[in-house]
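**Student:** Numbering (the UniProt record's numbering), first residue to last: 1 to 456.
Right, I'll just put the structure down here and ask away after.
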């Protein structure tokens with residue numbers, strides 16, 4: 001039996017001028033398979049609460065037992081739909097968490113069904129994602145620059161500058177506090193993955209005393225500049241790729257001729273060069289399997305070791321000239337659905353990042369960014385658990401160390417494993433520590449979990 005602390009039944013006082021938002025009653029309705037859905041109203045611009053509004057699409061899975069309150073999940077991005085992700089996976093959290101909490105997720109502003117950012121149509125996005133990521137000539141550089149300009153212009157035209165100026169993480173964190181109150185919780189219980197850790201850290205910075213329990217898994221460091229993050233990710237993706245290669249060497253049907261990291265890397269580089277010079281064959285549709293497509297497929301597969309068997313087979317066929325399976329992996333990464341339509345995850349990612357990171361070059365972007373990198377202390381908060389996976393390609397482990405060190409009450413849990421994020425990925429040790437903390441609000445001791453993920 002786990003003792004429960006941190007009652008969530010009394011809502012905190014609403015800030016002045018926002019009473020109507022904080023006091024709103026959410027009209028939940030069944031939306032299939034045991035889920036309930038609703039839309040929450042928030043101001044587009046918090047400086048003008050009586051102005052235009054945004055509807056935040058929400059979903060919940062009601063608690064199966066005696067309820068503590070709600071737990072709010074953000075699965076990452078930026079640009080990912082929390083509604084779609086939760087509706088596709090009831091096991092996003094454990095049975096113990098489902099018993100004690102209404103499990104809630106949402107589409108942040110600009111994402112999914114929450115006033116989505118819109119820029120390109122399908123054909124334009126197909127072409128955009130095929131652009132050479134390593135331009136070798138002045139013509140290729142000019143082509144990429146022109147596409148960036150067209151993309152920014154279409155975002156302004158199809159979304160409007162007013163929306164684009166208010167899709168940043170600070171506004172989403174404020175939305176999350178309105179959500180906390182509308183759910184009837186005095187304090188927030190939160191589980192954020194990847195970009196969701198950045199959102200959670202910003203929330204903690206703004207509302208440190210309104211947190212009951214918070215887990216930030218696959219941490220971003222809000223004090224790190226975008227250029228530094230990209231450099232760290234390059235290193236981390238290389239480590240992840242080498243882990244994939246080592247796993248491949250032990251598997252039947254591994255496409256690498258030489259069973260060495262150097263030899264496998266050389267063969268992979270040859271595939272990139274081949275696709276750059278002459279796109280691979282595609283048996284699925286008329287699109288070209290360019291270097292950009294191959295790179296997207298490989299990088300995407302590094303997020304989860306459970307994707308490695310698919311990547312092995314896709315590479316095997318690619319070395320035989322057929323890039324179809326690499327294309328389909330890249331489609332998953334880019335948010336292209338089987339019917340050929342795209343979700344808006346990439347467009348929302350670009351819009352949110354350009355607001356959040358003014359130091360990041362956003363060529364021709366129609367609005368200026370507003371939030372500069374800064375350390376997050378969250379003074380006055382309860383203990384906040386930060387989870388870092390040692391060979392995480394997208395959010396390198398050093399970022400978890402940095403964030404946990406910045407937070408006034410940060411507790412670092414280390415997951416010694418491959419893949420992006422840790423909770424629910426196969427570590428019984430980690431899952432147990434996170435679940436106990438979320439239920440009891442009593443923080444675990446900092447430490448390391450080494451039980452392995454399921455092997456690919």
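We put the CB at the ideal spot given by N, CA and C, even for glycine.
So which of 56, 335, 164, 426 has the shortest CA-CA distance to residue 362?
**Tutor:** For the purposes of this step, residue 362 is taken as the residue at position 362 of the chain shown. The shortest C-alpha separation from residue 362 is found at 164.
**Student:** Per DSSP, which one or two residues make a beta bridge with residue 36?
**Tutor:** Within the chain shown, residue 36 is the residue found at index 36, counting from 1. According to DSSP, residue 36 bridges with 30, 60.
**Student:** When you compare each of 382, 353, 53 to residue 369 by their alpha carbons, which one comes out closest?
**Tutor:** By one-based count along the chain shown, residue 369 stands at place 369. When only C-alpha atoms are compared, the closest one is 353.
**Student:** So what does residue 53 bridge to, in DSSP terms?
**Tutor:** If you number the chain shown from 1, residue 53 lands on position 53. BP columns for residue 53 point to 43.
**Student:** Rounded C-beta distance between residue 312 and residue 253? I'm assuming under 8 Å.
**Tutor:** Working through the chain shown from its first residue, we reach residue 312 at position 312. Working through the chain shown from its first residue, we reach residue 253 at position 253. With 8 Å as the limit, residue 312 and residue 253 qualify as a contact, their Cβ atoms being about 6 Å apart.
**Student:** What are the uninterrupted segments assigned as alpha helix (DSSP H) that are 4 or more residues long and contained completely in the stretch 237 to 283, given in chain order?
**Tutor:** Taking only runs of at least 4 residues, the alpha helix (DSSP H) segments lying wholly in the stretch 237 to 283 are 261 to 277.
**Student:** Smallest Cα separation from residue 27: which of 33, 18, 37, 21?
**Tutor:** Walking along the chain shown from the start, residue 27 turns up at place 27. Ranking 33, 18, 37, 21 by Cα distance to residue 27 puts 37 first.
**Student:** Taking only three categories from DSSP, how would you classify residue 376?
**Tutor:** Position 376 of the chain shown, counting from 1, holds the residue named residue 376. If DSSP states are grouped into helix, strand and coil, residue 376 belongs with coil.
**Student:** Opposite residue 384 in the DSSP bridges: which residues?
**Tutor:** Within the chain shown, the letter at position 384 stands for residue 384. In the DSSP output, where bridge partners are listed per residue, residue 384 has 214, 410.
**Student:** Could you name the residues that DSSP lists as bridge partners for residue 192?
**Tutor:** Residue mapping note: residue 192 aligns to position 192 of the chain shown, counting from 1. Paired residue(s): 74, 216.
**Student:** Using only the alpha-carbon positions, how far apart do residue 380 and residue 171 sit?
**Tutor:** Locating residue 380 in the chain shown gives position 380, where the first residue counts as 1. Locating residue 171 in the chain shown gives position 171, where the first residue counts as 1. So the two alpha carbons sit approximately 21 Å from each other.
**Student:** For residue 347, which residues of its own chain have a beta-carbon under 6 Å away from its beta-carbon, when the five flanking residues on both sides are left out?
**Tutor:** In the chain shown, the residue the question calls residue 347 occupies position 347. If we look at residue 347 and ignore the five residues flanking it on each side, its Cβ neighbours are 117, 119.
**Student:** Quick one: give me the first and last residue of the beta strand (DSSP E) that residue 119 is part of.
**Tutor:** Within the chain shown, numbered from 1, the residue matching residue 119 stands at position 119. Unbroken run through residue 119: none, as it is neither H nor E.
**Student:** Spatial neighbours of residue 236 within its chain, please: CB distance less than 6 Å, with the 5 preceding and 5 following residues excluded, ordered by chain position.
**Tutor:** As a first step, residue 236 is located in the chain shown; it is residue number 236 there, counting from the start. Contacts found: 393, 396.
**Student:** Can you list, in chain order, the residues of its chain with a C-beta nearer than 8 Å to that of residue 140? Leave out the 5 residues immediately preceding and following it.
**Tutor:** For this step, residue 140 is matched to residue 140 along the chain shown. Once the five neighbours on either side are set aside, the close Cβ partners of residue 140 are 132.
**Student:** Report yes or no: do the stretch 94 to 108 and the stretch 121 to 130 share at least 3 C-beta pairs separated by less than 8 Å?
**Tutor:** They do not touch, by the three-pair rule.
**Student:** Residues in its own chain within less than 7 Å of residue 336 by CB, not counting five upstream and five downstream?
**Tutor:** Start at 1 with the first residue of the chain shown, and residue 336 comes out as number 336. Correct list, in chain order: 342.
**Student:** Suppose only complete runs of 4+ residues qualify. What are the alpha helix (DSSP H) ranges in the stretch 94 to 175, listed by chain order?
**Tutor:** Counting whole runs of 4 or more residues, the stretch 94 to 175 contains the alpha helix (DSSP H) stretches 95 to 100, 122 to 129, 138 to 159, 161 to 164.
**Student:** Quick check on DSSP: helix, strand or coil for residue 447?
**Tutor:** As a working note, residue 447 is residue 447 in the chain shown. It is a strand residue.
**Student:** Do the CB positions of residue 281 and residue 322 come within less than 7 Å of each other?
**Tutor:** Position 281 of the chain shown, counted from the first residue, corresponds to residue 281. Position 322 of the chain shown, counted from the first residue, corresponds to residue 322. Yes, they are a contact pair.
**Student:** In or out: residue 187 buried (at least 16 other Cβ within 10 Å) or exposed?
**Tutor:** Position 187 of the chain shown, counting from 1, holds the residue named residue 187. Classification of residue 187: buried, given that the 10 Å Cβ count is 16 or more.
**Student:** With a threshold of 8 Å, are at least 3 pairs of Cβ atoms found where one atom belongs to the stretch 149 to 157 and the other to the stretch 60 to 77?
**Tutor:** No contact exists between the stretch 149 to 157 and the stretch 60 to 77.
**Student:** Which one of 218, 212, 112, 191 has the shortest CA to CA distance from residue 390?
**Tutor:** In the chain shown, counting from the first residue as 1, residue 390 sits at position 390. Considering only alpha carbons, the answer is 218.
**Student:** Among 22, 349, 17, which has the Cα closest to the Cα of residue 51?
**Tutor:** Residue numbering aside, residue 51 sits at position 51 when the chain shown is read from its first letter. Residue 51 has its Cα closest to that of 17, out of 22, 349, 17.
**Student:** For residue 209, tell me which candidate among 443, 409, 191 has the shortest Cα-Cα distance.
**Tutor:** Here residue 209 is taken as the residue at index 209 of the chain shown, counted from 1. The option with the nearest alpha carbon to residue 209 is 409.
**Student:** Can the beta-carbon of residue 182 be found closer than 7 Å to that of residue 40?
**Tutor:** As a working note, residue 182 is residue 182 in the chain shown. As a working note, residue 40 is residue 40 in the chain shown. Yes, they are a contact pair.
**Student:** Span of the alpha helix (DSSP H) holding residue 329?
**Tutor:** Here residue 329 corresponds to residue number 329 of the chain shown, with the count starting at 1. Residue 329 -> alpha helix (DSSP H) spans 324 to 334.
**Student:** Is there contact between the stretch 438 to 448 and the stretch 401 to 417, where contact requires at least three CB pairs shorter than 8 Å?
**Tutor:** Yes, they touch.
**Student:** Taking the alpha-carbon of residue 412 as reference, which of 320, 434, 427, 100 has the nearest alpha-carbon?
**Tutor:** Within the chain shown, residue 412 is the residue found at index 412, counting from 1. With distances taken between Cα atoms, residue 412 lies closest to 434.
**Student:** Say the cut is 6 Å; is the CB of residue 94 nearer than that to a heavy atom of the ligand SAH?
**Tutor:** Absence of the ligand SAH from the depicted structure is noted, as is the absence of any ligand whatsoever, leaving it without description.
**Student:** Look up residue 69 in the DSSP assignment and say whether it is helix, strand or coil.
**Tutor:** As a first step, residue 69 is located in the chain shown; it is residue number 69 there, counting from the start. Residue state, collapsed to three classes: strand.
**Student:** Go through its chain and collect everything with a Cβ distance to residue 1's Cβ below 7 Å, but skip five positions before and after it.
**Tutor:** Working through the chain shown from its first residue, we reach residue 1 at position 1. Confidence at residue 1 is low in this model, with a pLDDT of 36, below 50, so the placement of that residue should be treated as unreliable; the coordinate-derived value is given next. Nothing listed; no residue qualifies.
**Student:** Where does the unbroken alpha helix (DSSP H) through residue 296 begin, and where does it stop?
**Tutor:** As a working mapping, residue 296 is identified with position 296 in the chain shown. Residues 291 to 301.
**Student:** Smallest Cα separation from residue 355: which of 96, 92, 85, 110?
**Tutor:** The sequence position of residue 355 within the chain shown is 355, counting from 1. It is 110.
**Student:** Do you know offhand how far residue 58's Cα is from residue 85's?
**Tutor:** What you label residue 58 is simply residue 58 of the chain shown in a count that begins at 1. What you label residue 85 is simply residue 85 of the chain shown in a count that begins at 1. Answer to the nearest angstrom: the Cα atoms are 11 Å apart.
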